[in-house]
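As you go down the protein sequences, you meet chains R and L in turn. The numbering of the first sequence is this note's numbering, which starts it at 83 and goes up by one. The numbering of the second sequence is this note's numbering, which starts it at 83 and goes up by one. One structure below.
2 protein chains.
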Amino acid sequence: MTKSSSKSALHQSKSTPALPHVNADSIQKIKASRKRQFSDEELKDLLISGNKTALGRGITLVESNQSSHQQRAEKLIESCLPYAHKSIRIGITGVPGVGKSTFIEAFGSLLVKLGKKVAVLAVDPSSSVSHGSIMGDKTRMENLVTEENAFIRPSPSGDSLGGVARKTRESIILCEAAGFDVILIETVGVGQSETTVHSMTDFFLLLKLAGAGDELQGIKRGIIEMADAIVINKADGDNLKAAREARLEFNRALHLYPPKASTWQPKVSLCSALDNTGISEVWEMINEYKKLTKKNEFFEKNRHEQNKFWLLQTINEHLKQRFYQDPQIKKALKDQLTAIENNETTPFAAAKLLLNLHNEL
Amino acid sequence: MTKSSSKSALHQSKSTPALPHVNADSIQKIKASRKRQFSDEELKDLLISGNKTALGRGITLVESNQSSHQQRAEKLIESCLPYAHKSIRIGITGVPGVGKSTFIEAFGSLLVKLGKKVAVLAVDPSSSVSHGSIMGDKTRMENLVTEENAFIRPSPSGDSLGGVARKTRESIILCEAAGFDVILIETVGVGQSETTVHSMTDFFLLLKLAGAGDELQGIKRGIIEMADAIVINKADGDNLKAAREARLEFNRALHLYPPKASTWQPKVSLCSALDNTGISEVWEMINEYKKLTKKNEFFEKNRHEQNKFWLLQTINEHLKQRFYQDPQIKKALKDQLTAIENNETTPFAAAKLLLNLHNEL
């Protein structure tokens, strides 16, 4: 199933470099397992035992639009479910240039050193246009990518945000079943992608740069409202003073928002992925958040709410698709819109007519 | 059809006071026409001729939840459509206490003096709980209510926001067919009601008071984004200085927003309904807006977009209702939510199962 086309979302797998400190035996073993075709049963067992090649293949099934793959993916996910849900899921957002990749490189490497298994996924609806993806330039995570206990997967390409969301949510389950206990989900601020990532994570982190004043201008207010932490990146050298001022301004801004259902008071912190400062503080903060929300049961309650949200969301999208993609409805809708423009009918009368037509189909 | 119950949305009709300057003959005529039952044909003809009793009866049909009334309402609206769409529709919002009623009283009276026919409607989803309605206390519009060329109707009660929206949109058409050329639609900032009113008006006006600093705090950002004008009310006496400062601050805030599709630059102005200052300036501003948007064709384009929005909105709501109100789906949905909580299925697999069940029903 592994394709070598440069357009494949899998290009990072094949390019894992054979660095000197990886011993020759494991290279042979990895190469062998890569070439093998697994039965679905083998795939499941390997995945649950933590095999990254099996995990990659599983996610490829999840991302495939072929119906035979989709059926196999559904079975795989079902058998993985009892092993899943034991991670913390962290959403990371920030505009391009803010240093998401270098932050994830530093943060992920720290977590691996602390004995964690770290999976990095991405939600990038813009890749549906360009067939590129964020994290495509994987050299920006050159250390993390070589870690045995790290797994990096770019955004599934060529899809709607709804499709990417489903695929990412299901990939999370596979990563968790493979024993990954920290899932980082990266996104850029394109359209609704932050809301999507926020709806599938436990903790939502907004990366910012200290700019020249006007910190709050141009930032989508909804994103600040979602953030559990604002981390000001590149707080080093000449930037340090501006970063401290930005921290003050964001702290002030955060106090204007109503308290969160989690009872967590969002925090602003500084870090430098370059100097490797402030990184472990982010992890401490997330642990503090986890402790609080496990105790007051928000953690589990939030995951249930998210499940419910995705269930209803999926149903509503399908109901609409089924209606609007019907050729007869398409034609009638066009006619009714013309009739409305000509003041021959109202939107409500037209809706009634279309719904009746749909019932008769 | 006119009920005398104090809970009726019609209580303002029966309480139109017989003031000294109304001549006895017209009182007799009005009383007679009130008692009469009209045929549907008569109702239509009277309504189109501008008879306010017929208009009130028509709106009562539109607001009724009885299916026989709904059928008659649909026919009435259809026959009114060719006479409609010739007004300017102005949305007016502001928190309770900002002086909406006194502003509308002053603004509406000015328009009547200028030879306009003014209809005042309201969208108040909170009335669905209390069965009350804004403008219930009609003594606050005691002059406007006696004007021959003014028509005041409180919010339809006991309904969802979606229901209120449809009823208000259809009432607008009846008012327009009856020759009302300025339609004022009042709302309070409850939930989505501003967005609803914004989606059915040409011009959206936000009424504000000058407070003690912090003008922008606590105000829903989305509302400022929708506003074509921010009018600072009660800019009189001791308030005048604070009002001028608030104008500065709002002007600054408005410049942070991206330009509007209408190309209109939203304005901030001061007024005092008490001193009757700044009221005619609001009307001049709306005329300026109308001139601009008629010329660049945004006016018509916006109305078409609004029609399309309401068409799709109505369809989507019905599709969801039809699905979720099915007793078998209700039960299966509950079971699936439990299965998700027990990690036995995913939201996406559950959605698929429910959609398949729906197809078989």
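Ideal Cβ positions, reconstructed from N, Cα and C, are used throughout, including at glycine.
Check                                                                                                                                                          : Outcome
Is the shortest distance between the beta-carbon of Asn425(R) and the beta-carbons of chain L less than 8 Å?                                                   : yes
Identify every residue that forms a DSSP beta bridge with Glu268(L).                                                                                           : Ile174(L) and Ala204(L)
Going along chain R in order, which residues have a C-beta closer than 9 Å to the C-beta of Phe430(L)?                                                         : Glu156, Ile159, Arg248, Arg251, Glu252, Trp392, Leu393 and Thr396
Given a limit of 7 Å on CB to CB distance, which residues of the segment 315–343 of chain L reach chain R?                                                     : Leu338
Do the segment 239–253 of chain L and the segment 351–365 of chain L meet, that is, are 3 or more Cβ pairs less than 8 Å apart?                                : no
Please classify Thr228(L): does DSSP put it in a helix, a strand, or coil?                                                                                     : helix
Determine the burial state of Leu196(R): buried for a count of at least 16 other Cβ atoms within 10 Å of its Cβ, exposed for fewer.                            : exposed
Which bits of chain R does Phe405(L) rub up against, with CB to CB less than 9 Å?                                                                              : Ile397, Asn398 and Leu401
With three or more beta-carbon pairs closer than 8 Å as the criterion, would you say the segment 363–377 of chain L touches the segment 274–289 of chain L?    : yes
Beta-carbon of Leu435(R) versus every beta-carbon of chain L: anything under 8 Å?                                                                              : no
Among Gln148(L), Ala155(L) and Gln110(L), which one has its Cα closest to the Cα of Ser121(L)?                                                                 : Ala155(L)
So, under 8 Å CB-CB, Glu268(L) and Lys182(L) are touching, yes? Tell me the CB distance rounded to an integer number of Å.                                     : 6 Å
With DSSP collapsed to three states, give me the class of Val144(L).                                                                                           : helix
At least one CB of chain L closer than 8 Å to the CB of Leu352(R): is that the case?                                                                           : no
Mind listing the chain R neighbours of Leu419(L)? Cutoff is C-beta to C-beta under 9 Å, in chain order.                                                        : His386, Asn389, Lys390 and Leu393
DSSP three-state call for Val246(R): helix, strand or coil?                                                                                                    : helix
For Pro164(L), return the contacting residues in chain R, with the cut-off set at a CB-CB distance below 9 Å.                                                  : Asn425 and Glu426
I want to verify the contact list: residues of chain R whose CB lies under 8 Å from the CB of His167(L), in sequence order.                                    : Asn425
Determine the chain L residues that contact Ile141(R) at a beta-carbon separation under 7 Å, and present them in chain order.                                  : Under the 7 Å cutoff, chain L gives no residues; its nearest Cβ is about 15 Å from Ile141(R).
Under 8 Å between C-beta atoms, does Ile255(L) make it to chain R?                                                                                             : yes
Of the residues Gln347(R), Ala292(R), Gly304(R) and Ala309(R), which one's Cα is nearest the Cα of Arg329(R)?                                                  : Ala292(R)
Report the three-state DSSP secondary structure of Ser351(L) (helix, strand or coil).                                                                          : strand
Which term fits Leu443(R), buried or exposed, when burial requires 16 or more other beta carbons within 10 angstroms of its beta carbon?                       : exposed
Given a cut-off of 8 Å, decide if Lys290(L) and Ile265(L) are closer than it, judged by their beta-carbon atoms.                                               : no
Given Glu307(R), which residues of its chain have a CB within under 7 Å of its CB, disregarding the five upstream and five downstream residues?                : Tyr339
With a floor of 4 residues, list each alpha helix (DSSP H) that falls wholly inside the segment 118–168 of chain L, ordered by position along the chain.       : 122–130, 134–145 and 149–162
Using a Cβ-Cβ cut-off of 8 Å, state whether Ile306(R) counts as contacting chain L.                                                                            : no
Taking Cβ to Cβ, would you say Ser191(L) is nearer than 8 Å to Asn225(L)?                                                                                      : yes
Who are Leu291(R)'s beta bridge partners in DSSP?                                                                                                              : Asn315(R)
Quick check on the DSSP output: the alpha helix (DSSP H) that includes Thr420(R) runs from which residue to which?                                             : Pro409 to Glu423
Quick one: list the residues of chain R neighbouring Ile361(L), beta-carbon separation under 7 Å, in chain order.                                              : Result: empty, since nearest Cβ-Cβ is about 32 Å, beyond 7 Å.
Mind checking Asp417(L): buried by the 16 CB within 10 Å criterion, or exposed?                                                                                : exposed
For the candidate residues Phe430(R), Gln153(R), Leu439(R) and Phe391(R), whose alpha-carbon lies nearest to that of Gln410(R)?                                : Leu439(R)
Would you identify the three-state DSSP class for Thr359(L), choosing helix, strand or coil?                                                                   : strand
Using C-beta distances below 8 Å, list every residue in its chain close to Asp357(R), excluding the 5 sequence neighbours before and after it, in chain order. : Asp318
Does the Cβ-Cβ distance between Cys162(L) and Ala201(L) come in under 8 Å?                                                                                     : no
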